[in-house]
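Peer 1: Start counting the sequence shown at 435; every next residue gets the next number (my numbering).
Ideal placement from N, C-alpha and C gives every residue a C-beta, glycine not left out.
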Amino acid sequence: MADTPALDPTQQSLWRPLRLLQASMDADIAQLYSEQEIEGLKPSFVMELLRLHACGPMTIAELAESVQRTHSALSQKVAAMRTAGWVQTVVGEDARTKKVTLTDQARRVVDRLAAEWRATEAAVADLEAEIPYPLSRVVTDIERALERKSFRDRIAEKLAADAAWS
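1. Could you tell me which whole beta strand (DSSP E) segments of length 3 or greater appear in the region 436 to 517?
2. Three-state secondary structure (DSSP) at Thr537?
3. Out of Arg530, Glu482 and His487, state which residue places its alpha-carbon closest to the alpha-carbon of Met515.
4. What are the complete alpha helix (DSSP H) segments, minimum 4 residues, inside the region 529 to 589?
5. Between Ala549 and the ligand NAP, is the CB less than 6 Å from at least one heavy atom?
6. Can you list, in chain order, the residues of its chain whose CB lies under 7 Å from that of Ala494, leaving out five sequence neighbours each side?
7. By a C-beta neighbour count over all protein chains shown, 10 Å radius and 16 as the cutoff for buried, is Pro443 buried or exposed?
8. Suppose contacts are defined by Cβ-Cβ distances below 7 Å. Is Ala548 in contact with Leu454 by that definition?
9. If we ignore side chains and look at the alpha-carbon of each, how far apart do Leu466 and Lys583 end up?
10. Could you tell me whether the region 518 to 535 touches the region 554 to 572, using the rule of 3 or more Cβ pairs below 8 Å?
Given below as structure tokens:
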């Protein structure tokens, strides 16, 4: 008799619909860029590009802090943005540091990116007005619940009751 295949826990997910929704919305934004012939720009780059435009050159650590990301995550993103031609790194004040700065390619489209950001925020506000429980309220409510008990502690409690974890 053949072994029964193990149940795949990834077949059910409460998170997947949210990730798929965000991916779909990002794809729509990317389509707008393509229609405007802004090639090679990922929606995930725009916050950093706008921040650099508003604040000027920054070290990766400064940029990471300003957008609330880890240094490691921002370092990888800056590498991808550099490869795509949106940013460059230049020597900082003391030659030991490097600053991230916009390329001419980025400077040419940054005003359009700011317009897209404003339009996206307005579209999200419109969506939130159409639904009975706005996503921004969901996020706030989840943050409050996590202040009472961390996500790590919630997972650890579930794992303590799962023999497979021990």
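Peer 2: Put simply:
1. none
2. coil
3. Glu482
4. 538 to 564 and 569 to 582
5. Looking for the ligand NAP in the displayed structure turns up nothing, as the structure carries no ligands at all.
6. Per the sequence shown, the amino acid found at residue 494 is Ile instead of Ala. Taken in chain order, the residues that qualify are His505, Leu508, Ser509, Val512 and Val534.
7. exposed
8. no
9. 40 Å
10. no
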